[in-house]
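Protein sequence lines, in the order shown, are assigned to chains A and B.
For the first sequence, our numbering begins at 22 and goes up steadily by one.
For the second sequence, our numbering begins at 857 and goes up steadily by one.
Notes follow once the structure below has been shown.
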Amino acid sequence: MSSLKESLSNEDLIFFGKINASISHELKNVLAIISETAGLLNDLTEIAARGDEVDLQMINTCSKDIVEEIQRGFSTIKQMNTFSHSVDDPVTEVNLNKLLELMINLAAFLSYAGKVHFDPLQPTGLTIITCPSRLQNLIYQTLVFAFESVGPKGEIKVSLHPQDNSMARITFSGLGSKAVREFPVDQTIQIARSISTEIVVAGDAGVIEIMVPQSLEH
Amino acid sequence: MSDQNKIKLLLVDDEIKFLQSIAKRLELKGFDVITTSNGKDAIEVAEKNLFDVALVDFQMSGMDGSQVLKALKERHKYLEIIMLTGHATIDSAVECTKLGAFKYLEKPYNFEDLVGVIKEAYQERLTKKFEHNMERSKQIQKLSLGSSPLGILRGLAKMDDDEK
């Protein structure tokens, strides 16, 4: 797989940068909420120090919000860490449940992201050998396209199925049929080809399927 | 301070917790605040209320901040709009300035600085309205010289149409 390692291109870097920018935006939002809520707590403390009445419920809500936002920040940092390590090995074992979950979570940072219902493969998912960063890019591009198709109030479904013991089938459904006909663009096709993956579009049904080999080394 | 004398603020951001915290802090500072979590609602609320200043998040689902800025400016010439963003870029700053934003602030910002900018924006609004009213008074004076009562009424109606 040395050719894949050598071919890590500008496109890969653009994708990596795009995701990192999106994560940093999310973290800024988290910090902005913590900053404003802590500021509000400070304002309330000053009111109390003057001897004026302060709504205790509000103080309670503020501290709960801060704890929740800190958890949101930790969760985002964990996702950032997992994503960052996905370029460690150009081809490696990947749990598809986890990879899909990560990309769905990262795509949710987009301002126009709709709701995603993910139906993971039970009980533990499907482990395949592939190029994680390229597959992530492909999944992300499909999610972006899906969100643009259905709009921010739309809902899509993502599911995972094994296929013929040699393939994994990732299905995106609930997309508009007209929009699906515009997918995939050339760049997406190139990414798919580089990891021997096939994109199948069922326009009338509003479905996109990504057929991933269970082992890129075969 | 009575509600009538308070600076009326419209806050638009899809981060609900951020919106609630900042709204409460600004209320404690003496502002009269109404919040909405999307651009469409902001435009509707602005039709029903007279706001002095609006704070609009740049990156939102549905209508983004620049679309909201454009729509509000088209409908409310004297409303001053401060844009807030999680990630400032030169392009977005230029875009907002061209569309008439008063200021463009990056999150997280210093709260006292924000309060200062809101007061500056309010002053700007008052100055523009004052200048507009002065200009209007001059035009009315000009109209009243040598025009019939009907001519004055027609002139006033035309001035109103031109302002829309």
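Where is the CB? At the ideal position from N, CA and C, for every residue including glycine.
Only a predicted model underlies this, so the values are computations on that prediction, with no experimental measurement involved.
By the criterion of at least three beta-carbon pairs nearer than 8 Å, the segment 888–900 of chain B is not in contact with the segment 992–1006 of chain B.
Residues of the segment 964–975 of chain B with a Cβ closer than 8 Å to any Cβ of chain A, in chain order: P964 and F967. The contact set of B:L884 on chain A, defined by CB atoms closer than 7 Å, consists of D64 in chain order. Secondary structure of A:N31 (DSSP, three-state): helix. Following the DSSP letters along the chain, one finds B:F958 in no alpha helix (DSSP H), marked with neither H nor E. From the listed residues A:P205, A:Q184, A:T148 and A:G135, the smallest Cα separation to B:S917 is found for A:G135. Spatial neighbours of A:Q157 in its own chain (CB-CB distance under 7 Å, excluding positions within 5 residues in sequence) are listed in chain order as S107, L120 and M124. DSSP links A:P234 through a beta bridge to A:M188. Listed by position along chain B, the residues whose Cβ is nearer than 8 Å to that of A:T58 are K873 and S877.
Taking 3 residues as the shortest admissible run, the segment 106–139 of chain A contains the following complete beta strand (DSSP E) segments, listed from N- to C-terminal end: 113–116. In the displayed model, A:H46 falls within a helix according to three-state DSSP. As a beta-bridge residue in DSSP terms, B:I938 pairs with B:L911 and B:K959. By a beta-carbon distance limit of 8 Å, A:S180 does not contact A:G227. Their separation comes to about 14 Å. Residue environment analysis places B:L935 among the buried positions, since at least 16 neighbouring C-beta atoms fall within 10 angstroms of its C-beta. Listed along the chain, the chain A residues whose CB falls inside 7 Å of the CB of B:G918 are P173. In the DSSP assignment, B:D888 falls within the beta strand (DSSP E) that extends over D888 to T892. Cβ-Cβ separation between A:I149 and B:E871: approximately 37 Å, too far for a contact (criterion under 8 Å).
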